[in-house]
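Heads up: the structure comes next, in structure tokens.
Protein chains: 2
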Amino acid sequence: MKSLGSLEQLSEALRRLPGVGPKSALRMTYHLLQHDREGAELIGRAMLSALNMVHNCSLCNTFTENETCELCLNQERERSMLCVVESPSDQLMIEQTMTYKGLYFVLMGRLSPLDGVGPQHIHLEKLVRRATDGQVREVVLATNFNNEGEATAHYISETLKARGLLVSRLARGVPVGGELEYVDPGTIARAMLDRRVT
Amino acid sequence: MKSLGSLEQLSEALRRLPGVGPKSALRMTYHLLQHDREGAELIGRAMLSALNMVHNCSLCNTFTENETCELCLNQERERSMLCVVESPSDQLMIEQTMTYKGLYFVLMGRLSPLDGVGPQHIHLEKLVRRATDGQVREVVLATNFNNEGEATAHYISETLKARGLLVSRLARGVPVGGELEYVDPGTIARAMLDRRVT
Ligand SMILES: [Zn+2]
Ligand SMILES: [Zn+2]
Chain A
1 MKSLGSLEQL SEALRRLPGV GPKSALRMTY HLLQHDREGA ELIGRAMLSA
51 LNMVHNCSLC NTFTENETCE LCLNQERERS MLCVVESPSD QLMIEQTMTY
101 KGLYFVLMGR LSPLDGVGPQ HIHLEKLVRR ATDGQVREVV LATNFNNEGE
151 ATAHYISETL KARGLLVSRL ARGVPVGGEL EYVDPGTIAR AMLDRRVT
Chain B
1001 MKSLGSLEQL SEALRRLPGV GPKSALRMTY HLLQHDREGA ELIGRAMLSA
1051 LNMVHNCSLC NTFTENETCE LCLNQERERS MLCVVESPSD QLMIEQTMTY
1101 KGLYFVLMGR LSPLDGVGPQ HIHLEKLVRR ATDGQVREVV LATNFNNEGE
1151 ATAHYISETL KARGLLVSRL ARGVPVGGEL EYVDPGTIAR AMLDRRVT
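Protein chains in written order, with our numbering: chain A, 1 to 198; chain B, 1001 to 1198.
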């Protein structure tokens, strides 16, 4: 059986999705082409459109379609507090607890030397610029409580304390080894209230 | 936090992929937009290109970029035998056993009344036209050996025998409940040799 150019290219491309191996990629390809061509068109167009429209907020680094995101522009947020999270999902979890009224910085990753993710990959220079704007007084570290998140928090803490900033960490109400995205808001709320200076 | 149009649209679209729920769709979206924009562009372009190029073979119903696929056009294949499979993956498995020299018909599905998949969804009219071309003498049913595959084989067998065709079924060398894609080629080869008239 000869290979089919376009079909195989699609199957190969789908393997770029996290968690998708060769078998699932092929199954997805067959499914879309035979049973959901409308879905395939939606995905194709949404992908290229998002690439074109979405980039990182100039201040907090989260995804936005504008130069600066709405949360950063919201004048009701306390500009003296900056909460550092790994991802937009983590930020959303914290927002849902209603315990935090400051601003955010989204790393879009975490230190992971074994995977080759160093300080330059988690926008630390941008964070330092942001945290030393003269308005920020306290930086709350809300990275995950697993090994990589703890290492990231430690590294950022040292970097920012060296610049004279007050740095705190969510209290260990969050279970050790836990990832924020899967913790209930009540636990996160308690951890926010119990945050401690590092 | 306000919703982001393009990002949310992409996340929604990715849920059209089989096996992808809201959490994975969001994780895929974040990953592509932050860490693999090249991959995102590959997927978007491959998706739209495949939609444009790939359709079903006029004879065997498998995916092809031409009117008729290369296997159907291959004059070295026996034109008196037609093997019916559920998917291109199953066809590929049979080809790898080197025990079959005839042609194929790919259903691109299987009967599944509980999921609303009836005879009209698995191209049965096209199969009947194909099998009654005057050249086909034997139809080998190689649908899976689970409940849906067996029901599909039974239905096709009755339909084609009513038109005077010789219909056979792969021998039960394939484990009961097994799916062809996951069976070793040796077992499939034995089942092909032991196929029995139904
Ligand atoms: Zn922002
Ligand atoms: Zn064909």
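Quick reminder that beta carbons are idealized off the backbone N, C-alpha and C, glycines included.
Here the structure is a predicted model, which means the values were calculated and not measured.
Rounding to the nearest angstrom, what Cα-Cα distance links Met1 of chain A and Val1117 of chain B in this structure?
Confidence is the limiting factor: at Met1 of chain A the pLDDT is only 43, short of 50, which leaves the residue's position unreliable and the question unanswerable from this model.
query = Any heavy atom of ligand 1 closer than 7 Å to the CB of Leu59 of chain A?
reply = yes
Between the Cα of Gln75 of chain A and those of A:Ser89, A:Cys57, A:Lys101, A:Ala153, spot the shortest distance and give me the residue it belongs to.
A:Lys101
Residues in the stretch 72 to 88 of chain A having any Cβ partner in chain B nearer than 8 Å
Ser87, Pro88
If you follow the alpha helix (DSSP H) that Leu1092 of chain B is part of, which residue opens it and which one closes it?
Note, Leu1092 of chain B: alpha helix (DSSP H), 1088 to 1097.
Sequence-distant residues of its chain with Cβ nearer than 7 Å to Pro88 of chain A (five each side left out):
Taking C-beta separations shorter than 7 Å and ignoring five residues to either side along the sequence, the partners of Pro88 of chain A in its chain run Thr62, Phe63, Val106, following chain order.
query: Based on the DSSP secondary-structure assignment, which residues constitute the bridge partners of Val85 of chain A?
result: A:Val106
Review point. Can you list the residues of chain B that Pro18 of chain A reaches, using a CB-CB cut of under 7 Å?
Key: Arg1027, Met1028, His1031
Quick check on Leu1007 of chain B: buried or exposed, where buried means 16 or more other Cβ atoms within 10 Å of its Cβ? buried
| message | Going by DSSP, what residue range makes up the alpha helix (DSSP H) through Leu1193 of chain B? | response | Residue range 1185 to 1193 is occupied by the alpha helix (DSSP H) that includes Leu1193 of chain B.
*Hey, how far is the Cα of Met1192 of chain B from the Cα of Ser1168 of chain B?*
10 Å
_Can you tell me whether Cys1072 of chain B sits near ligand 4, meaning its C-beta is under 7 Å from at least one heavy atom of the ligand?_
Judged by which ligands are present, ligand 4 is missing from the structure shown, whose ligands are ligand 1 and ligand 2.
| request: Measuring only between beta-carbons, confirm whether Phe63 of chain A sits less than 8 Å from chain B. | output: yes
| Which residues mark the beginning and the end of the beta strand (DSSP E) in which Leu1141 of chain B is found? | Where Leu1141 of chain B is concerned, the enclosing beta strand (DSSP E) stretches over 1138 to 1141.
Note to self: Quick check on DSSP: helix, strand or coil for Leu1166 of chain B?
What the structure shows: strand
Legend entry - Same chain, Cβ closer than 6 Å to Asn1056 of chain B, five either side skipped, listed in chain order: none
- prompt: Would you say the beta carbon of Cys1069 of chain B comes nearer than 7 Å to a heavy atom of ligand 1?
  reply: no
As a quick exercise: from A:Met47, A:Arg190, A:Tyr182, pick the residue whose alpha carbon is nearest that of Lys1023 of chain B.
Per the Cα distances, A:Tyr182.
Fill in: Glu179 of chain A and Asn144 of chain A closer than 8 Å at C-beta
yes
Ser112 of chain A - partner residues in DSSP beta bridges: According to DSSP, which records beta bridges pairwise, Ser112 of chain A is partnered with A:Val117.
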